[in-house]
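As given, the protein sequences belong to chains A and Y, one line each in that order.
Okay, so the first sequence: first residue is 28 according to this note's numbering, each after it adds one.
Okay, so the second sequence: first residue is 28 according to this note's numbering, each after it adds one.
Think of the CB as a built atom: it goes at the ideal place given N, C-alpha and C, for glycine as much as any other residue.
Since the structure comes first, as structure tokens, the remarks are kept for the end.
Number of protein chains: 2
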Amino acid sequence: VRIADLLTPCLLVDVDVLERNLAEMASFFADRPCGLRPHFKAHKCVEIARRQREHGIVGVTVQIPYEAVVLAEAGFDDVLVANQVVGRRRIEQVAAAASRCRVTVAVDSDETIDALAGLDVGILIEVNVGLVRGGAPPDRAAGLADRAHGLGLEVRGVQGYEGHVVGLADAAARREGAERSMAILLDVAPQVGGGIVSAGGTGTYDVTGAIPGITEVQAGSYVLMDTAYSALGLPFGEALSCLATVTTVAERHYVVDAGLKALATDHGPPVLASDAPGSVRFLSDEHATIGLGPDDRPPAPGDTVRLRPSHVDPTVALHDRLYAVREGEVLEVWTVHRGWGPLVRR
Amino acid sequence: VRIADLLTPCLLVDVDVLERNLAEMASFFADRPCGLRPHFKAHKCVEIARRQREHGIVGVTVQIPYEAVVLAEAGFDDVLVANQVVGRRRIEQVAAAASRCRVTVAVDSDETIDALAGLDVGILIEVNVGLVRGGAPPDRAAGLADRAHGLGLEVRGVQGYEGHVVGLADAAARREGAERSMAILLDVAPQVGGGIVSAGGTGTYDVTGAIPGITEVQAGSYVLMDTAYSALGLPFGEALSCLATVTTVAERHYVVDAGLKALATDHGPPVLASDAPGSVRFLSDEHATIGLGPDDRPPAPGDTVRLRPSHVDPTVALHDRLYAVREGEVLEVWTVHRGWGPLVRR
Numbered sequence: 028v029r030i031a032d033l034l035t036p037c038l039l040v041d042v043d044v045l046e047r048n049l050a051e052m053a054s055f056f057a058d059r060p061c062g063l064r065p066h067f068k069a070h071k072c073v074e075i076a077r078r079q080r081e082h083g084i085v086g087v088t089v090q091i092p093y094e095a096v097v098l099a100e101a102g103f104d105d106v107l108v109a110n111q112v113v114g115r116r117r118i119e120q121v122a123a124a125a126s127r128c129r130v131t132v133a134v135d136s137d138e139t140i141d142a143l144a145g146l147d148v149g150i151l152i153e154v155n156v157g158l159v160r161g162g163a164p165p166d167r168a169a170g171l172a173d174r175a176h177g178l179g180l181e182v183r184g185v186q187g188y189e190g191h192v193v194g195l196a197d198a199a200a201r202r203e204g205a206e207r208s209m210a211i212l213l214d215v216a217p218q219v220g221g222g223i224v225s226a227g228g229t230g231t232y233d234v235t236g237a238i239p240g241i242t243e244v245q246a247g248s249y250v251l252m253d254t255a256y257s258a259l260g261l262p263f264g265e266a267l268s269c270l271a272t273v274t275t276v277a278e279r280h281y282v283v284d285a286g287l288k289a290l291a292t293d294h295g296p297p298v299l300a301s302d303a304p305g306s307v308r309f310l311s312d313e314h315a316t317i318g319l320g321p322d323d324r325p326p327a328p329g330d331t332v333r334l335r336p337s338h339v340d341p342t343v344a345l346h347d348r349l350y351a352v353r354e355g356e357v358l359e360v361w362t363v364h365r366g367w368g369p370l371v372r373r
Numbered sequence: 028v029r030i031a032d033l034l035t036p037c038l039l040v041d042v043d044v045l046e047r048n049l050a051e052m053a054s055f056f057a058d059r060p061c062g063l064r065p066h067f068k069a070h071k072c073v074e075i076a077r078r079q080r081e082h083g084i085v086g087v088t089v090q091i092p093y094e095a096v097v098l099a100e101a102g103f104d105d106v107l108v109a110n111q112v113v114g115r116r117r118i119e120q121v122a123a124a125a126s127r128c129r130v131t132v133a134v135d136s137d138e139t140i141d142a143l144a145g146l147d148v149g150i151l152i153e154v155n156v157g158l159v160r161g162g163a164p165p166d167r168a169a170g171l172a173d174r175a176h177g178l179g180l181e182v183r184g185v186q187g188y189e190g191h192v193v194g195l196a197d198a199a200a201r202r203e204g205a206e207r208s209m210a211i212l213l214d215v216a217p218q219v220g221g222g223i224v225s226a227g228g229t230g231t232y233d234v235t236g237a238i239p240g241i242t243e244v245q246a247g248s249y250v251l252m253d254t255a256y257s258a259l260g261l262p263f264g265e266a267l268s269c270l271a272t273v274t275t276v277a278e279r280h281y282v283v284d285a286g287l288k289a290l291a292t293d294h295g296p297p298v299l300a301s302d303a304p305g306s307v308r309f310l311s312d313e314h315a316t317i318g319l320g321p322d323d324r325p326p327a328p329g330d331t332v333r334l335r336p337s338h339v340d341p342t343v344a345l346h347d348r349l350y351a352v353r354e355g356e357v358l359e360v361w362t363v364h365r366g367w368g369p370l371v372r373r
């Protein structure tokens, strides 16, 4: 199959760029005590996770229990659910994953510990290191570890996510913020024990991954990238693009068949690939309207253009498939394990 | 199944509110020459389309050919693809739908007409009535109709979408804008012939649907609604909500398990249902962080809250299912026909 034969809109993965990203990240972690535990939520794709494994990882990170089930069924042997899990259906998914592989779950409260009682899983105490989201206050961590021990859960260490700094444009501010967050986490780690200190993201992998005591980094976006992370000057290329077809050409604008249902816009609108004329003006449900300047050469209906996603994770989650491409050819079709799992059991 | 047993995040449809919305819209069109051709893109759900049909419609509107295939296979007999279709795969989908039901496709250029040559479909000439998107300039409409006739395509009329005014907060401005757009469309209609004059949306149905000469209105959002349309004071209630589970509770905020992958944010963040404390601060991929004021009573991990989507169409497209509920019970589970169709044929 050639790219020109695909139904648009669809997501293309340039496998050469993907492989360069994998090699670049692997080279950073090659001689370090810290390991890479890549985040599955960025691509939800088993084939990409397998390529990450081939380049050397200590396990995989996931954000929701369903992703752990998918990876366990695909033969991965060590998965961290880097997120609090409550609710009977989600706990059932954790149990299903734990029946097939080593599963660790982040907790930050009595309730999230108690929810795991009786399951064959280990835990990390998630500590709030500055992001206004999950994580216990640092002074609660030791008490939570005690509670988990008391319930027979193996306490494997701590987790902290410096999500409030991973996207900062200024590299020095990013570094300083990550160091401050990791100081909080490393201060708590000995009180919790267990050995694992898990943190980091694509924007801070090289800072966080180089701090003594951090044992693993949870970067995910690096493998496909997006325009938001590209703006940070990281050594990774954009492997992901959205192919769209031109449907209308007017005097000062044209329209393509990829809109809000194909491209996440929480980090701003997508950006046209450099070989396409004009600039994106706005997105509708199934369209992008693209403005043309006086010097732009208009395309024709039926032409295709590529759009660069602004935020990889929610963009991938809009699609059922990724098309792995090289030089105009589709090499493989990969499933995106989107959603939260199969229908509730009756 | 009770709502409390559902895996979160998930979308709930309050069937009583849904039925009231259906009845309200049906009452508007009951004694008019203009008919309702509800837009499938708002819900992508056959069961909802069937309920719309029971309340009286002249056909269904879709935005992409895949939606036409779904409806044709479900036994609907008249579908308008209100959008330009180019590209071999999409044309194949139009042909598949046309083999089972009456299909009409919007065109706005020589290329979009030529792409349909030989198919058993009729066309509407889409005229640009002010929205910077699809549609031919008004003075091109008659020439395009001639071209379609020459290729053996039945010219069934004209279409124009006043999408630039359907969301205006000021009702008088919305009315004036819709009237101006429809004047353009009605001026062109006799030059094109065919009898159909199709236009309108949820924000303008009562203006556009009352203008003499407009034969059908394409409103879609009215049936489920969202916070953006609710702000316009329309006589429709919000039938759609996203159920989420509280995962972390901190001193001044809490976190729920519905984020950017469950709720579209192009019209702003979702809003909490009135019985949930606090207000949404920001969304991450799989989380919403909700701020608590000094007087808010914090929830506990495991509690559920409902979020009101800000934009119905791209929110529904994030989910595989809708849960039809009444008084805490799940009555039915409906499939969302998301995506753009099955895998490309080899």
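Interface residue (Cβ-Cβ distance to chain A less than 7 Å): Y/GLU356 is not classified as such. In the displayed model, Y/GLY187 falls within coil according to three-state DSSP, outside both helix and strand. Apart from the 5 residues on each side of it in sequence, A/LEU345 sits with its Cβ closer than 8 Å to the Cβ of LYS288, ALA289, LEU290, ALA291 and ARG365 in its chain, given in chain order.
Excluding sequence positions up to five before and after Y/PRO304, its CB lies within less than 7 Å of the CB of LEU319, ASP323, ARG324, PRO325 and PRO326, all in the same chain and listed in chain order. Non-local beta-carbon contacts of Y/TYR232 in its own chain, meaning distances under 6 Å to residues more than five positions away in sequence, involve VAL244 and ALA246 in chain order.
Within the DSSP secondary-structure output, Y/ASP105 pairs in a beta bridge with Y/ARG129. At a Cβ-Cβ threshold of 7 Å, Y/THR242 and Y/CYS61 count as neighbours. Residue pairing for Y/TYR281: DSSP places it in a beta bridge opposite Y/VAL276 and Y/ILE317. Membership of Y/VAL332 in the beta strand (DSSP E) is indicated by the continuous run 331-335.
A distance below 7 Å between beta-carbons, with the five flanking residues on each side excluded, links A/TYR256 to the following residues of its chain, in chain order: THR229, GLY230 and SER248.
Distance from the Cα of A/TYR281 is smallest, within the candidate group A/ALA315, A/ARG80 and A/CYS269, for A/ALA315. By the rule that beta-carbons nearer than 7 Å mark a contact, Y/ASP347 touches chain A. Taking the Cβ atoms as the reference, A/GLN79 lies roughly 16 Å from A/ALA95, outside the contact range of under 8 Å.
Rounded to whole angstroms, Y/ALA133 and Y/LEU98 show a C-alpha spacing of 17 Å. Annotated as distal: Y/THR272 and Y/THR88, with beta-carbon spacing of 7 Å or more. By the C-beta density criterion, A/ASP58 is exposed, having fewer than 16 other C-beta atoms within 10 angstroms. Between the alpha carbons of A/SER54 and A/ARG64 lies a gap of roughly 14 Å.
Spatial neighbours of A/GLY264 in its own chain (CB-CB distance under 7 Å, excluding positions within 5 residues in sequence) are listed in chain order as VAL44, ARG47, ASN48 and MET252. Straight through space, the alpha carbons of A/GLY286 and Y/SER136 are spaced by roughly 21 Å. Beta-bridge partners of Y/ASP41 (DSSP): Y/VAL352.
Under the Cβ criterion (8 Å, minimum of three pairs), the segment 202-211 of chain Y does not count as touching the segment 138-153 of chain Y.
Neighbours of Y/GLY161 in chain A, taken as residues whose beta carbon is under 8 Å from its own, are THR274, THR275, VAL282 and HIS314 in chain order. Counting along the chain, A/LEU213 sits inside no beta strand (DSSP E); it lies in the alpha helix (DSSP H) bounded by residues 198-219. Ranked by Cα distance from Y/ALA175, the first of Y/LEU151, Y/VAL215, Y/ILE91 and Y/ARG160 is Y/LEU151.
Nearest CB-CB separation between A/ARG116 and chain Y: below the 7 Å threshold. Approximately 5 Å separates the beta-carbon atoms of Y/GLY187 and Y/VAL154; this is inside 8 Å, confirming the contact. Annotation: A/ARG308 is outside any alpha helix (DSSP H); the continuous beta strand (DSSP E) that includes it extends over 306-310.
DSSP lists A/ARG348 as the beta-bridge partner residues of A/THR362.
Separation of the CB atoms of Y/TRP361 and Y/LEU349 is rounded to 4 Å, and the pair is thereby assigned contact status at 8 Å. Nearest CB-CB separation between A/GLY170 and chain Y: not below the 7 Å threshold. Y/LEU299 is outside the set of residues whose beta carbon lies under 7 Å from a beta carbon in chain A.
Annotated three-state conformation of Y/VAL148 is coil, per DSSP. With the criterion set as a beta carbon lying under 8 Å from some beta carbon of chain Y, the members of the segment 30-47 of chain A are ASP32, LEU33, LEU34, THR35, PRO36 and CYS37, in sequence order. For A/SER225, there is no enclosing alpha helix (DSSP H); the residue is found in the beta strand (DSSP E) stretching over 223-226.
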